[in-house]
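Those protein sequence lines, which keep their order, are chains V and X.
For the first sequence, our numbering gives the first residue as 896, with consecutive numbering after it.
For the second sequence, our numbering gives the first residue as 90, with consecutive numbering after it.
Shown next, in structure tokens, is the structure this report addresses.
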Amino acid sequence: GAVVSQHPSWVICKSGTSVKIECRSLDFQATTMFWYRQFPKQSLMLMATSNEGSKATYEQGVEKDKFLINHASLTLSTLTVTSAHPEDSSFYICSADKRYRPGFFGPGTRLTVL
Amino acid sequence: GENVEQHPSTLSVQEGDSAVIKCTYSDSASNYFPWYKQELGKGPQLIIDIRSNVGEKKDQRIAVTLNKTAKHFSLHITETQPEDSAVYFCAASNFIQGAQKLVFGQGTRLTINP
């Protein structure tokens, strides 16, 4: 199998605080991990591509200083939303690629910023 | 870059009937086409995929067809059941530098009426 977990599954925070979301591949080593955000009734929008041991590649329009990505190992990537504001409230989903097989998604993290 | 268009945005069918969702893509270099099912509040789940060297693939009640010349691919669900109700996303990708960057369609909300 190819199981990807995310923690936490949901988080509520005050405006101005930082929130860290973890993405783990549980039974395989992920060559690459991706972070998406999804607004209600919309499609998934790629935020960044993360490779272990190197800097993340951000999509156009995504602020790299606001959405910090750390890919510490082949099984763990973290997304930190810094100084979160209500407009950052969204569903954040990670995915991990196995060799030659992409797109194993985590269950998502719902972030609500008050 | 790649652009994926998905139709229809909503689809309602009677239980037992078939459902068809269509996608078109723009980049002829795309070589991998997965379909995902997303239930409310959960991450996308891969249900079937097809690579560019294959024209059709079937897995029980689910099938996908690919027309590379026309740059479109379709999801077919036969003998639909209430548990098939969900949002379905198509995606396309091209293997670039060891990472398959998925571009998603807009999604189709499928409702199966008992």
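A virtual CB, placed ideally from N, CA and C, is assigned to each residue, including glycine.
Residue of the options minimising C-alpha distance to residue i
i: S978/V; options: N965/V, F986/V, D922/V and L1009/V; result: L1009/V
i: D960/V; options: N946/V, T970/V and T975/V; result: T975/V
i: C112/X; options: D106/X, N92/X, K131/X and R140/X; result: N92/X
i: P97/X; options: P203/X, W124/X, G196/X and A175/X; result: G196/X
i: L135/X; options: P203/X, I201/X, L191/X and E94/X; result: L191/X
i: M940/V; options: V153/X, S101/X, V102/X and A180/X; result: A180/X
i: A991/V; options: V914/V, W905/V, P903/V and Y931/V; result: Y931/V
i: S949/V; options: T926/V, Q937/V, V957/V and Q955/V; result: T926/V
i: S913/V; options: L963/V, A967/V, S968/V and P935/V; result: L963/V
i: I151/X; options: W124/X, V143/X, G144/X and G132/X; result: W124/X
i: G130/X; options: A159/X, N142/X, A175/X and D116/X; result: A175/X
i: S985/V; options: T1007/V, K936/V and Y953/V; result: T1007/V
i: E958/V; options: D983/V, S968/V, A967/V and L971/V; result: D983/V
i: E172/X; options: K160/X, N202/X, H165/X and S141/X; result: N202/X
i: K157/X; options: F178/X, K126/X, S119/X and G132/X; result: S119/X
i: S141/X; options: H165/X, F178/X, K126/X and N183/X; result: N183/X
i: Y121/X; options: V153/X, Q149/X, T200/X and Y177/X; result: V153/X
Assumed close pair residue i, residue j - CB separation to whole angstroms, cut-off 8 angstroms
i: T167/X; j: E104/X; result: Wrong, their Cβ atoms sit about 12 angstroms apart, outside the cutoff.
i: S910/V; j: P997/V; result: 35 angstroms between Cβ atoms; not a contact.
i: K993/V; j: F999/V; result: 7 angstroms
i: I139/X; j: K146/X; result: 5 angstroms
i: R919/V; j: S900/V; result: 5 angstroms
i: S163/X; j: V102/X; result: Not confirmed; about 15 angstroms, so no contact.
Residue i, enclosing beta strand (DSSP E) - first and last residue
i: D138/X; result: Q134 to R140
i: H165/X; result: H161 to I166
i: P123/X; result: Y121 to Q127
i: L941/V; result: M940 to N946
i: A175/X; result: A175 to A181
i: A967/V; result: F962 to S968
i: V143/X; result: Note, V143/X: premise wrong, no beta strand (DSSP E); not H, not E.
Residue i: contacting residues in chain X (beta-carbon distance under 7 angstroms)
i: L971/V; result: Per Cβ cutoff of 7 angstroms: no residues; L971/V is ~17 angstroms from chain X at best.
i: I964/V; result: Simply none; closest approach about 14 angstroms.
Per DSSP, the bridge partner or partners of residue i
i: E94/X; result: T113/X
i: K915/V; result: T975/V
i: V192/X; result: A181/X
i: L1006/V; result: V906/V and S985/V
Chain-ordered neighbours of residue i on chain X, where CB pairs are closer than 8 angstroms
i: G1003/V; result: G130, K131 and G132
i: L938/V; result: Per the sequence shown, the amino acid found at residue 938/V is Ser instead of Leu. Correct list: F178, F193, G194, Q195 and G196.
i: F1000/V; result: Y125, G132, P133, Q134 and L135
i: I988/V; result: G132 and P133
Contact set between residue i and chain V, taken where Cβ atoms lie within less than 9 angstroms
i: P97/X; result: The contacting residues do not exist; P97/X stays about 14 angstroms from chain V at best.
Closer than 8 angstroms at the beta carbon, the chain V residues around residue i
i: K190/X; result: F929, L941 and T944
i: Y121/X; result: P997
beta-carbon residue i near the ligand FMN non-hydrogen atom, thresh 7 angstroms
i: L100/X; result: The ligand content of the structure shown is nil, which means the ligand FMN is not present either.
Listed by chain order, chain V residues near residue i by CB distance under 7 angstroms
i: S182/X; result: P997
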